[in-house]
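Protein chains in written order, with my numbering: chain A, 1 to 351; chain B, 1001 to 1457; chain C, 2001 to 2191. Glycine residues also receive a C-beta, built at the ideal position from the N, C-alpha and C atoms. A quick write-up on the structure given underneath.
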Amino acid sequence: MKQEVPFSSKRFLLTLTLCACAVILLQNHDLSRALSFPLALGAVAAGLIVCFLLFLPAVWLKKRWDSDVLTLVQSRGRAAQGMVAVIYSAYFLYVAAYFLLPYTDMFCKKYYTETNPCPVAFLLLACCVYAASKGANVITRFGIFLFVLAMVTNFMMFGGSLSSLDMHNGSLGWQGNPADFGNHVIYFVTPCFIAALFACLSGDATRFRVHQIVTALGLTGVKYALVLFFLTFAAGEYAARQAYETFVLSRVAHFGDYAGVESLYMALATMSVFMIISLLLCGVTKAWHCGGNLWVLALLTGLVFALQLWAVSNDAIRELFTRPLLLIALTLITAAVIPLLVGWGERRRHA
Amino acid sequence: MQGVRSVQAAIFTMEGLVDKEGLAQAAVNPLMAYFFEEPTNRQVFDAILNTVLASSDVTAFEGTEKLLTFLTSGFAVIAVDGVSRMIAVGAQGYAFRGVTEPESEVVQRGAREGFTEPLRVNMSLIRRRLKSPDLVFEQVTVGEKSRTQLMLCYLRSAASPKLVRQLRQRLAACDLETVLAAGYLSEYLEDPHTSRLFSGVGISERPDTVCGKLTEGRVAIIVDGTPAVMLVPHLFVEEFQGVDDYSNRTYYAAFIRTLKYLSFLVSVFLPAIYTALAQFHPEYFPTWILIKTAKSLSETPLPVTLEVLVITFVYEIMKEAGLRIPKSLGHAVSIVGALVIGESAVTAGIISSSTLMVVATAAICSYVTSPLYPPITMLRFLLILVGGVFGLWGLVLATALVLISMCSKTSLGVPYLSSLSPFSLRTMRDVFIRASWKKLGKHTIRVQRFAETEEIG
Amino acid sequence: MRRMICLLLALLPAILTGCQSARRIETASVIENVSVQRRGGALCYTFYLLSDSEKPDSVTVCAPSFEQARTLAERSYIPHMTLAKLELLLIEEEVRQDVMKGDIDYIATQASFSPQAHIALCDEKTLLRLQREAAAQSLIERQIDLLREEHPQVKSDCLSVFNSYARGESFEVPLITCDRELRVSLVRNAP
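In structure tokens:
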């Protein structure tokens, strides 16, 4: 198996921040006017606090043994390794399909309207195979360029929407009902998949500090807050008339006669999904200790592609891949339960 | 030779490699004038070696291999009957090109000296600039038939010993029969299993550039018979650094660096973006360009992707012709290129003026960073195809793949995109800007200390 | 080498199946502005194509809504129509109550339409002038921009008009009239 060169934890967490921000880029969740803006911010904060709690077991492993779940479980025997590998593989492939579906849907609805989503998914996955074969370190290096693109896109999107701000579009009061608040909180917990990625890939990260996770989630929260703010007060009800409200925000942005930054938005969404799926594939190959093996990666992407095809043709399956609660439940197992069990076992071994 | 006994001796030279007058002064005349009183042939040999010869470049050696090496390097070899050792006398007299300004690295304010073909001349150009006792020249021979001499040149206090050892191993693994240029060895010096699109081996013909790189811990490989000196490790950001940046004002250096980066991006992406927009996203053109572009493209027979590819290809043919053509005919090529291809083809409606404009702009921009010309050309063609088939989305994916490829590339273990990714704030002072010398002089960059440098060897 | 060949073979189906959504610039019919008026009792939508000729190229279809007019125009007259560069929607004042809300709502559902497209009411003479002069559109847009600078509360683009309808409040929109010269004024639109 290809050995990873140790990489900076700061850069790793930056990459995970970008992955988390992709959630709101691809959001097709109805975040419209059920809650007022302050309550929506509250939902964001509550959701990200839950995400932080899901990080804690992996943080414990990292601080105590400077390692991750997949590395520590190697000392527990082949049966345990195999079981953990199966669980994490299934989870990561599920998350890959979870992001691939809305991306291809958004892409075919907004950009290439006469295109079938399957070739789009196929090409994207083929590129992810190449990226995943290089390892998580290389993907985090790529994350720096994606960060620059994200900054430019956000600046253009938010800066271009400033002139469309109309505070009458939304409310600064505290309006909304608990059910909607609960729904929104659940939605904003979906970035928790980065906790599972952290649990699996943080072993090679150096100079880790807990405040880096706080910063990562804080930046994610800021991004979500800005998107919500501009959606509410710049795009207003207009955004709710189409799917993928953040895309609408990119259309609203304008600089004089030059209207729309949807091309930048498309680039950011594409590269974000590319990075997420590549990292997930790295996680799977690490679980099976065959990092860098192109055939294994091709097989895994074949599975993701099969899931994509299945979901496109079957509404019930598609529903499964767009349910935040299921994602959160699976993340609870992979980011919290299994690391806790592995850590507890490691403590007993050393006691 | 005159003496108390009769002793047979011989001087061997290669025709055309030796300076006959110099040899006469250094060896022949002193040997003829000396009266040998030594009783044995061995003592005669020692007398010749230590006393008789009037040259400072005298070496005693043994073996046919060394004999061949000295003879083919222009030395004269003196052999004394009955003695297995021989004496090599430096009396080179072969013709070589003088020290002139390198044409590929023209500067405004730097020195006008460039490397030439002979190894010793190049060594002297470096030695004159770096008078440090830490400067080391290590000789290596490669090529079974050509027996080309190389010099590994580095500063002992700056270069990593592991790096030098790894270089020796890679050069020893070179199994070529002949090595006639520096480029032959580039592939042996690159890290295995990394992308070959960009080169991990730098080339320079300027002694000042090479000396600057040596102080950063790099190793120079001087190849006998080539004015191009190889430098490893080599990073992407170095392609945008020039000698003039360090002589000009800091603000101007920053401006030129930014210009170079922008030119690189324009030369790679402009034709592809134009193709993608024209093929898939015409609404992204500003209105005033859209009308003119649509009109000019509608009057030409070829689809825009093919048109851009054809014009780019014709441009490459003209550029190659311009390189190979005798100087006296160079004007004819310029006239053919400008009038026939440029003016007449547009007027006849074979190609559109907007496409020609785009390709010409990209071509001019590619000369700003001429060391990157090969990867720029390949990327340009690839991205035009991708843009024409898949549109902007395809370009985004292709860019992601190229970035991943560059991020995974290393040059003797050092990440190729160091300073950018892995990001290093301290070294960024010499990437997009050139910080003042007071700041640059405080901490010298050592290339082996870049983050995430892999252990090699 | 084998890897490259496998990759190319794998990409071939993607290449063959993925290119149908090309909207080539030389064949695309870009619509610059749309006007709505009543003619002979029926609602008529006129689509003005982007061109550099002095007299505007336009296609008029009669349909009860923007959506149906677009479908009819695409099917029968302008097969490669693109409305992504729509800059102006001019509605004759007398048909405002019938079409404005519905058409704005339709525009809001389409990803390709720009939310910054200008919306204005006009009289019949303005529409006649628009049909005669290609420069009339840019004059109208300039007038609207000047009006907006003077009266920031005016709703002159799809985004703000749609949001005003959604809030159920009355708002002001530009009204373009034409005697000898084009003039712009404000008119109040009740919910």
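Item, Value
"Under the three-state DSSP convention, the category B:V1007 falls into", "coil"
"Chain B contact residues for A:R11, given Cβ-Cβ distances below 8 angstroms", "P1422, F1423"
"Chain-ordered neighbours of B:I1351 on chain C, where CB pairs are closer than 8 angstroms", "Here the premise fails: no neighbours, minimum Cβ distance about 13 angstroms."
"Runs of alpha helix (DSSP H) lying entirely within the region 186–211 of chain A, each at least 4 residues, in chain order", "193–201"
"C-alpha distance - B:S1006 paired with B:S1084, whole-angstrom precision", "18 angstroms"
"Endpoints, alpha helix (DSSP H) assigned at B:A1304", "Looking at the sequence shown, residue 1304 of chain B is not Ala but Val. Element bounds for B:V1304: 1304–1324."
"Cβ contact check for the region 1262–1274 of chain B and the region 1364–1375 of chain B: 3 or more pairs under 8 angstroms", "yes"
"Where the alpha helix (DSSP H) containing B:E1138 begins and where it ends", "Not the alpha helix (DSSP H): B:E1138 falls in the beta strand (DSSP E), residues 1135–1142."
"Pick from B:L1309, B:A1159, B:G1093 that is closest to B:F1385, judged by C-alpha positions", "Correcting the residue identity first, residue 1385 of chain B is Leu in this sequence and not Phe. Nearest of B:L1309, B:A1159, B:G1093 to B:L1385, Cα basis: B:L1309."
"Cutoff 9 angstroms: C:L2159 Cβ touching any chain A Cβ", "yes"
"The region 1407–1426 of chain B in contact with the region 1225–1244 of chain B per 3-pair CB rule at 8 angstroms", "yes"
"Beta-carbon separation (whole angstroms), B:L1297 vs B:A1278, contact threshold 8 angstroms", "6 angstroms"
"Where C:G2018 sits in the DSSP three-state scheme", "The pLDDT assigned to C:G2018 is 47, lower than 50, so where the model puts this residue is not dependable, and the model offers no usable value."
"CA-to-CA distance, B:F1381 to B:L1395, given in whole angstroms", "12 angstroms"
"Endpoints, the alpha helix (DSSP H) within which B:T1287 is located", "1287–1298"
"Cβ neighbours of B:P1161 in the same chain (closer than 7 angstroms, five flanking residues each side left out)", "none"
"From B:D1245, B:E1454, B:R1196, B:I1376, residue whose alpha carbon lies closest to that of B:S1436", "B:D1245"
"CA nearest to the CA of C:P2079, picked from C:K2085, C:C2122, C:V2059, C:I2091", "C:V2059"
"Any C-beta of chain B under 9 angstroms from that of C:R2024", "yes"
"Within chain C, the residues that B:I1273 reaches when beta carbons sit closer than 8 angstroms", "Simply none; closest approach about 13 angstroms."
"Supposed contact pair C:E2032 and C:L2050 - C-beta distance, whole angstroms, cut 8 angstroms", "5 angstroms"
"CB contact flag (B:I1221, B:A1182, <9 angstroms)", "yes"
"Reduced DSSP category for C:S2051 - H, G, I as helix; E, B as strand; rest coil", "coil"
"Burial state of A:W295, where buried means 16 or more other Cβ atoms lie within 10 Å", "exposed"
"Exposure label - B:G1242; buried when at least 16 CB within 10 Å", "buried"
"Closer than 9 angstroms to chain A by CB, B:K1292", "no"
"Per DSSP, the bridge partner or partners of B:Y1460", "Here chain B covers residues 1001 to 1457 and nothing more, so residue 1460 of chain B does not appear."
"Contact check, C:T2126 vs C:A2136, beta carbons under 9 angstroms", "yes"
"Buried versus exposed call for B:V1340 [16 or more other C-beta atoms within 10 Å across all chains shown]", "exposed"
"Per-residue contacts from C:T2082 into chain A (C-beta, under 9 angstroms)", "Correct list: empty, because the minimum Cβ distance to chain A is about 11 angstroms."
"Close beta carbons around B:S1263, own chain, < 6 angstroms, minus the five adjacent residues each side", "C1365, V1368"
"Min CB distance A:M1 to chain B below 9 angstroms", "In this prediction, A:M1 scores a pLDDT of 48, lower than 50, which makes its location untrustworthy; the coordinate-derived value is nonetheless stated afterwards. It does not: the Cβ of A:M1 has no partner Cβ on chain B nearer than 9 angstroms."
"Residues that C:C2062 bridges to, as DSSP identifies them", "C:C2044"
"Neighbour list for C:F2171 in chain A, Cβ cutoff strictly below 7 angstroms", "Those within 7 angstroms of C:F2171 in chain A number zero; the least Cβ separation is about 10 angstroms."
"Distance, B:Y1094 Cα to B:L1459 Cα", "In this structure chain B extends from 1001 to 1457, so residue 1459 of chain B is not present and cannot be described."
"Runs of alpha helix (DSSP H) lying entirely within the region 1158–1216 of chain B, each at least 4 residues, in chain order", "1161–1172, 1183–1189, 1207–1214"
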